[in-house]
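Using this note's numbering, the first residue of the sequence shown is number 4, and each one after it goes up by one.
Ideal Cβ positions, reconstructed from N, Cα and C, are used throughout, including at glycine.
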Amino acid sequence: MTTPVESPDKHPFVLHPHRTFTTLSLPVMASLVVEPFASLVDTAFVERLGAASAAGLGAATALLSGVLWIFNFLGVGTQTEVAQAMGAGKAQQVGSVASLGMLLAVLLGLGLTLITWPGIERFSVWMSADAVVQTDTQIYLHIRLLGIVPSLVVTAAFGVLRGLQAMRTSLWIAGGMSLVNIILDPILIFGAGSVPALGIAGAAWATVLSQVLGMVWALWVIVRRTGLSGAFAWQRTRRFFLIGRDLALRTGFAQIFMLVSTWTALQISVEAGAAHQALRQLWLFLAFLLDTYAVTAQSLIGYFLGATRIDIARQAARIACRWALGTGGLLLLVLLLSERLLAFLLVPPSAQALFLTGLLICAVTQPLNALSFVTDGIHWGTGDYAYLRNAMIAATGTGVLVLLCIDPTHTQAFAQVWLAMAVWIVIRATFGLLRIWPGIGKAVLRLSEPDSPRYESPVRPSGR
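Dropping the structure here:
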């Protein structure tokens, strides 16, 4: 499926909801999984350089994630705007939304690179007291910052494509990027022929080159599908930045939790830092997989709200939650059955015992983790960004308090880090579900008239 049908009543989801949901979700799942899979490959290769390099990679990627995820609104906001425009039958607005999204990605990427570059050394010292870890963190960050602009452009482009429900196209681009990264990793890290061994710098260059490829490819596709032009929809800029404010705060608080958890693990020991890096990458890999249903739900709900069909939007929310819960249960079993293999592949022998302790907690929380992600997507589709912001503030505030109470010298300190993660997940999932059932506060998906199948959505793209 590339472009939604003209009438919402003829949309495939209306006739075959589960089939359509899975048809849209499968390519999204593949495209979301391949990127963190490449990060797991990075971790596996860098782990061979030693625990200090693995910890340095963990510190650097935690910092980068904390910065880049703040700008995730470029994809989330663009996807909802495009989906609602298509649902309302205003396909001509898609090109202007896409143009503005691409421009903002370039400008914000340049600004972010210039602002972040001078602080690299201070960030690395804050993350770890170990000199080798600091050096590897700085090397990796100096190179990866060169890929900030391409990364943000790809984020905005994927938002456009998923808003159009062109899920397979984003899959091909994501797959191509990850394949290039995986091929270049061993060549640049360990050397091959006339190519010298670059160590952790090789992992960084592999990622940057793959991001440049993805940017060029994504721009080419968007130009063909939407017709980018210089006629930017400037009237939408304020709406984008309002979305950005809420999502940046939400993502910022999420990354605060991730950074504090990484910092706490590094205070315990270098081995704990390496184990946490592997677990964090594994958790992110699973998070991207679970985000599949969030992306699909966002697109469907945005489309049907744009068409003022809240009855179908509510059905999409129910189906998305069922699929997420079932998948979370399956992931729990897979993690428990493969714990020894994961420990062997992802961490040095000295860190494996700690890794297995954290992995048990990570596995048990997967069903609730799945619900926390899918409800994010549901609320993105309704444009309920402020509520998600407030829910994340509550979860992070509680989680960070738990982390700060951990004594790094305690024998179970590392387990406590991942128990704090479990608390964070439970709070997010609870807030997400309550906004849908029973629909606390100003819930968009709550029917104003229980017997009415139609609803005038308050969330409409600006300029309509």
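- Leaving aside the five residues that flank Gln355 on each side, the residues in its chain whose CB is nearer than 6 angstroms to its CB run, in chain order, Ala346.
- By DSSP's assignment, Ala346 forms no beta bridge with any residue.
- For secondary structure counted as the alpha helix (DSSP H) over 4 or more consecutive residues, the region 331–412 holds these complete runs in sequence order: 342–349, 355–367, 369–385 and 388–407.
- DSSP lists Ala195 as the beta-bridge partner residues of Val198.
- Linking Leu187 to Val49 through their CA atoms gives a straight-line distance of about 13 angstroms.
- Assignment of Trp440 by DSSP, reduced to helix, strand and coil, places it in the coil class.
- With 16 or more other Cβ atoms from the protein chains shown falling within 10 Å of its own Cβ, Arg165 counts as buried.
- Take the alpha-carbon of Leu287 and the one of Gly444: they are about 31 angstroms apart.
- Judged by DSSP in its simplified three-state form, Gln284 adopts helix.
- Around the beta carbon of Thr399, a 10 Å sphere encloses 16 or more other beta carbons of the protein chains shown; the residue is thus reported as buried.
- Assignment of Leu167 by DSSP, reduced to helix, strand and coil, places it in the coil class.
- Here Ile364 has Ala418, Trp421, Leu422, Met424 and Ala425 as same chain residues with Cβ atoms under 8 angstroms from its own Cβ, once five neighbours each way along the sequence are excluded.
- Of Met89, Leu252, Ile142 and His21, the smallest CA-CA separation from Phe74 is found for Leu252.
- Between the beta-carbon of Val350 and that of Asp133 there is about 17 angstroms, and that puts the pair past the 8 angstroms contact cut.
- Around the beta-carbon of Ile118, fewer than 16 other beta-carbon atoms lie within 10 Å, marking it exposed.
- DSSP places Leu111 within a helical segment (H, G or I) once states are collapsed to three.
- Each residue's CA atom was taken as its position, placing Gln369 and Ser10 some 37 angstroms apart.
- Nearest to Ser102 by alpha-carbon distance, out of Val163, Lys93, Ser154 and Ile381, is Val163.
- Membership of Trp129 in the alpha helix (DSSP H) is indicated by the continuous run Ile123 to Met130.
- The continuous alpha helix (DSSP H) containing Val211 extends over residues Ile203 to Thr229.
- Under a 10 Å Cβ-count criterion, Cys408 is classified as exposed, with fewer than 16 other Cβ atoms of the shown protein chains found around its own Cβ.
- If you draw a straight line from the Cα of Ala206 to the Cα of His145, it comes to about 12 angstroms.
- In this structure Phe376 is in contact with Ala297, their Cβ atoms being roughly 5 angstroms apart against a cut-off of 8 angstroms.
- Scanning Leu339, Ser353 and Thr412 for the CA closest to the CA of Arg51 turns up Ser353.
- Ile430 and Thr295 have their C-alpha atoms some 21 angstroms from each other.
- Here DSSP, grouped into helix, strand and coil, assigns Leu148 to helix.
- Burial check for Pro30: the Cβ neighbour count within 10 Å reaches 16 or more, so the residue is buried.
- In this structure, the beta-carbon distance from Leu328 to Ala373 falls below 8 angstroms.
- Between Pro153 and Gln82, the C-beta spacing is not below 8 angstroms.
- By the neighbour-count criterion, in which a residue is buried when 16 or more other Cβ atoms sit within 10 angstroms of its Cβ, Leu404 is exposed.
- For Phe291, same chain residues with a beta-carbon under 7 angstroms away, outside a window of 5 residues either side, are Leu35, Val36, Glu38 and Pro39 in chain order.
- Pairwise C-beta distances place the region 82–93 in contact with the region 301–309, as three or more of them are shorter than 8 angstroms.
- With 16 or more other Cβ atoms inside 10 Å of its own Cβ, Ala177 counts as buried.
- Of the other Cβ atoms in all chains shown, fewer than 16 fall within 10 Å of the Cβ of Asp314; this residue is therefore exposed.
- Counting the other CB atoms within 10 Å of its CB gives Gln137 a total of 16 or more, which places it among the buried residues.
- The closest CA to that of Gln280, considering only Thr26, Gln96, Ser173 and Ala62, is found on Ala62.
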